Amino acid sequence: MLTAEEIEIVSLSLRVAMASVILSAPLALACAYLLARTDFFGKSVFDALLHLPLVLPPVVIGYALLLLFGTQGPMGRLLNDGFGITFAFRWTGAALAAAVMGFPLMVRAMRLSLEAVSPKLEMAARTLGASRIRVFLTITLPLALPGVVVGLLLAFARSLGEFGATITFVSNIPGETQTLPLAIYGLTQTPGGDAAILRLCAISVALSLISLIASEWIARRMQTRAQLSGGGALA
Amino acid sequence: MIDVDIEKSFPARRGEADASSRRIVAKFKSDARIIALFGKSGSGKTTIVNAIAGLVTPDRGRIAIDHEVLFDSSGALNRSVESRGIGYVFQDGLLFPHLTVKQNLLYGANRAFAGRSSVPVEQVTELLGIDKLLSRASPTLSGGEKQRVAIGRALLSNPRVLLMDEPLASLDAARRAETLRLIERVRDELGVRIIYVSHSIGEVTRLADDVAILNEGHVIACDHTETIFNRADLRPFTGRYEGGALIEATAVAHDHEYFLTRFSFEGGDVVAPGLEVPLGSRVRLRIRARDVTLATERPRGISIRNILTGSIVSMDDRGGAIVEVIVRIGSRDMPSRISRQSRDELQLTTGQQVYLLVKAIAFDKRSMGYTA
Numbered sequence: 009m010l011t012a013e014e015i016e017i018v019s020l021s022l023r024v025a026m027a028s029v030i031l032s033a034p035l036a037l038a039c040a041y042l043l044a045r046t047d048f049f050g051k052s053v054f055d056a057l058l059h060l061p062l063v064l065p066p067v068v069i070g071y072a073l074l075l076l077f078g079t080q081g082p083m084g085r086l087l088n089d090g091f092g093i094t095f096a097f098r099w100t101g102a103a104l105a106a107a108v109m110g111f112p113l114m115v116r117a118m119r120l121s122l123e124a125v126s127p128k129l130e131m132a133a134r135t136l137g138a139s140r141i142r143v144f145l146t147i148t149l150p151l152a153l154p155g156v157v158v159g160l161l162l163a164f165a166r167s168l169g170e171f172g173a174t175i176t177f178v179s180n181i182p183g184e185t186q187t188l189p190l191a192i193y194g195l196t197q198t199p200g201g202d203a204a205i206l207r208l209c210a211i212s213v214a215l216s217l218i219s220l221i222a223s224e225w226i227a228r229r230m231q232t233r234a235q236l237s238g239g240g241a242l243a
Numbered sequence: 002m003i004d005v006d007i008e009k010s011f012p013a014r015r016g017e018a019d020a021s022s023r024r025i026v027a028k029f030k031s032d033a034r035i036i037a038l039f040g041k042s043g044s045g046k047t048t049i050v051n052a053i054a055g056l057v058t059p060d061r062g063r064i065a066i067d068h069e070v071l072f073d074s075s076g077a078l079n080r081s082v083e084s085r086g087i088g089y090v091f092q093d094g095l096l097f098p099h100l101t102v103k104q105n106l107l108y109g110a111n112r113a114f115a116g117r118s119s120v121p122v123e124q125v126t127e128l129l130g131i132d133k134l135l136s137r138a139s140p141t142l143s144g145g146e147k148q149r150v151a152i153g154r155a156l157l158s159n160p161r162v163l164l165m166d167e168p169l170a171s172l173d174a175a176r177r178a179e180t181l182r183l184i185e186r187v188r189d190e191l192g193v194r195i196i197y198v199s200h201s202i203g204e205v206t207r208l209a210d211d212v213a214i215l216n217e218g219h220v221i222a223c224d225h226t227e228t229i230f231n232r233a234d235l236r237p238f239t240g241r242y243e244g245g246a247l248i249e250a251t252a253v254a255h256d257h258e259y260f261l262t263r264f265s266f267e268g269g270d271v272v273a274p275g276l277e278v279p280l281g282s283r284v285r286l287r288i289r290a291r292d293v294t295l296a297t298e299r300p301r302g303i304s305i306r307n308i309l310t311g312s313i314v315s316m317d318d319r320g321g322a323i324v325e326v327i328v329r330i331g332s333r334d335m336p337s338r339i340s341r342q343s344r345d346e347l348q349l350t351t352g353q354q355v356y357l358l359v360k361a362i363a364f365d366k367r368s369m370g371y372t373a
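Each protein sequence line maps, in turn, to chains A and B. For what it's worth, the numbering used here labels the leading residue of the first sequence as 9, then goes sequentially. For what it's worth, the numbering used here labels the leading residue of the second sequence as 2, then goes sequentially.
Below, the structure written as structure tokens:
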């Protein structure tokens, strides 16, 4: 089956993707809620900024992360000195890069599903004595859950494939930052790696398929449940 | 005592044909068990109840219930929606689709207000006939069931006042009759005060003790229901087609052979179908002006069961096909709408004695509310 090296690459990729989703989920939910339910000055600029990673060349994001979170960068130094968290040339940096790149996808799916929840239901809950927080936790979030989960899975799949920002920010270090796409890229630079490349490509296709199918399956399951209960539309 | 005195302006919406801004001016007071906000759709009824619930913030003014102030622009007081203790039954029920009937009912049930004892869940579910639905998923309910659960949910949050915004609008005729009866029972058995929004004269005359009339955002009058619907100057607002007299009468005799009931009021007696009304109870009878026929002599050989006598007080002749004749019976005025041609052929004049003819089955049964 898989070689020890391949197992290391796959487990690192999964760890990076998982960490990036966990890192960005609360912030993405907060941003999605702001966009879906509130109106504030500069909202369109905020929205555009959130979508930047979708349209910018990934290498630009990677370089920006290097400037900000590198060992010499202002955020990097602050986090290193204050909390002992280092991103530069570490797997955590790869997770950060993947989180930033997947953020717009996650926010988009969550926002659409939050917008599909009728504000009138939230009003009804408040007239029944529920505070804003209780309304969010008991009405809005449960009704928007299918879209929220889809957002998480999309970002997860996107993280597995992240390349440009990662290689720019944390380089291609085997065992530390070398995720699947980076390993494939590394092998293309060495002669006679064709067989190994094909094997990694096959693993990559399999992983992506699994996560997409899982997301479809979960989305459909939740949608039938939501339809049974007449809940909000899916993103 | 419900005391509302608010103003709110809405900027004109872009692209709207009528570009003038809308303005709500509402000032009324009532300690009725049921007060109705009555007016055409778009007259601002919902905005006013939303302001009472706290879902809309007025530009200026004051809202108080039993001397407890909920909103006061001069004192910069604006209680949050969840702390107001106002129950709200929305037009479309708005049950939480991901929760069961029971979970919906109990959603607000833990909210207790100082000095108010809570209503037992069993009493509410039994009264509303929803005790068999508790484990159902709320989206599987029919329209009438949804609305009953919505009423129960609001009641169980133990509100000081219950707002009902056109609660019958999405129901068919049979469900409406059933729900109206339930609202009366809620009023009588649970003693909950209700602010009832409607554009239906039938519902309002049946349920409301007091009525506030709205026209283009302004509360133009607030008084006892009977007074409002018999006031001549309010007739343009109490319904052209549906307009008529509202009489408070007592059920005095049932005729079980013909399924008719005799009702007595100070101007005389009338018969109408009404066997379900207990003898001795007070009902409101609504007689539409277009259902009242006038005659200059007592007719014979006619199917009409009710013949009353009175004298013409005034005639509203606008030169069209219709003349509205106001006839005084005893101490009350009753309008009759007849064609101008009939008026001229009968040579009716002010002060003349006339007979008013009303079919027994012309009384609006739906508005025949009574207090148990």
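The C-beta atom is built at its ideal place from N, Cα and C for all residues, glycine as well. Remember, predicted model here, so these are calculated numbers, not experimental data.
| Asked | Found |
| --- | --- |
| Per DSSP, cross-strand counterpart(s) of proline 150 of chain A | BP columns for proline 150 of chain A are empty, so no partner. |
| Contacting positions in the segment 143-161 of chain A - beta carbon closer than 7 Å to chain B | Ile147, Pro150 and Leu151 |
| Phenylalanine 238 of chain B versus isoleucine 196 of chain B: straight-line alpha-carbon distance, rounded | 19 Å |
| Residue-chain proximity (threonine 100 of chain A, chain B), Cβ-Cβ < 8 Å | no |
| With 16 other Cβ atoms within 10 Å as the buried cut-off, status of glutamate 224 of chain A | exposed |
| Coarse secondary structure for glutamine 354 of chain B, derived from DSSP in three states | strand |
| 8 Å contact criterion, which alanine 250 of chain B and phenylalanine 230 of chain B should meet: CB distance rounded | Between phenylalanine 230 of chain B and alanine 250 of chain B the Cβ distance is about 14 Å, and since that is not below 8 Å, they are no contact. |
| Within 8 Å, strictly: CB atoms of valine 178 of chain A and phenylalanine 91 of chain A | no |
| Closer than 8 Å to chain A by CB, valine 82 of chain B | yes |
| Alpha-carbon to alpha-carbon, glutamate 227 of chain B and glycine 45 of chain B | 23 Å |
| Any 3 or more C-beta pairs closer than 8 Å across the segment 125-144 of chain A and the segment 59-67 of chain A | no |
| Partner residues on chain B for serine 139 of chain A, Cβ-Cβ distance less than 7 Å | Glu83 |
| Proximity test, Cβ basis, 8 Å: alanine 173 of chain A and chain D | Among the chains of the structure shown, chain D does not appear; the protein chains present are A and B. |
| Span separating the alpha-carbon of arginine 228 of chain A from that of glutamate 185 of chain B | 45 Å |
| Contact check, phenylalanine 95 of chain A vs proline 61 of chain A, beta carbons under 8 Å | no |
| Beta-carbon spacing of leucine 1 of chain B, arginine 85 of chain B below 8 Å | Residue 1 of chain B lies beyond the stretch modelled for chain B, which goes from 2 to 373, so this question has no answer here. |
| Where alanine 33 of chain B falls, given that 16 or more other Cβ within 10 Å makes a residue buried | buried |
| Beta-ladder partner(s) of glutamate 375 of chain B, from DSSP | The requested residue 375 of chain B is not part of the displayed model; chain B covers only 2 to 373. |
| CA nearest to the CA of valine 324 of chain B, picked from B:Pro98, B:Ile339 and B:Asp334 | B:Ile339 |
| When B:Ile87, B:Leu247, B:Gly203 and B:Ala54 are compared against isoleucine 330 of chain B, the one with the closest alpha-carbon | B:Leu247 |
| Residue-level contact to chain B via CB, alanine 132 of chain A, 8 Å cutoff | yes |
| Any chain A beta carbon closer than 8 Å to arginine 306 of chain B | no |
| Cβ-based contacts, 7 Å cut-off: residues of the segment 41-68 of chain B near chain A | Ala54 and Leu56 |
| Separation of glutamate 277 of chain B from valine 355 of chain B, as counted between CA atoms | 32 Å |
| Short CB-CB distance (under 8 Å) between aspartate 173 of chain B and chain A | no |
| Sheet register partners of threonine 10 of chain A (DSSP bridge) | For the sequence presented, residue 10 of chain A should be read as leucine rather than threonine. Leucine 10 of chain A is not bridged to any residue. |
| Secondary structure of serine 21 of chain A, DSSP reduced to three states | helix |
| Spatially closest choice to tyrosine 259 of chain B from B:Val253, B:Val272 and B:Ala252, by CA coordinates | B:Val272 |
| C-alpha distance - glutamate 217 of chain B paired with glutamate 243 of chain B, whole-angstrom precision | 19 Å |
| Where the beta strand (DSSP E) containing valine 143 of chain A begins and where it ends | Here valine 143 of chain A belongs to no beta strand (DSSP E); instead the alpha helix (DSSP H) covers 140-143. |
| Inter-stretch contact at 8 Å, needing at least 3 Cβ pairs: the segment 122-135 of chain B / the segment 73-92 of chain B | no |
| Strand pairing of proline 336 of chain B, partner residues [DSSP] | B:Ile327 |
| Rounded Cβ spacing between alanine 151 of chain B and leucine 38 of chain B (contact assumed at less than 8 Å) | In fact, because the Cβ distance is near 19 Å, the residues do not count as touching under 8 Å. |
| Proximal residues, the segment 91-110 of chain B versus chain A, C-beta separation under 7 Å | Phe91, Leu95, Phe97, Pro98, His99, Tyr108 and Gly109 |
| Nearest-angstrom Cα separation, counted from isoleucine 17 of chain A out to glycine 240 of chain A | Residue placement at glycine 240 of chain A is flagged as unreliable, the pLDDT there being 40, under the threshold of 50; the coordinate-derived value follows with that caveat. When rounded, the distance between both Cα atoms is 39 Å. |
| Integer Cβ distance of leucine 191 of chain B from threonine 180 of chain B, believed to fall under 8 Å | The Cβ separation is near 15 Å, so there is no contact. |
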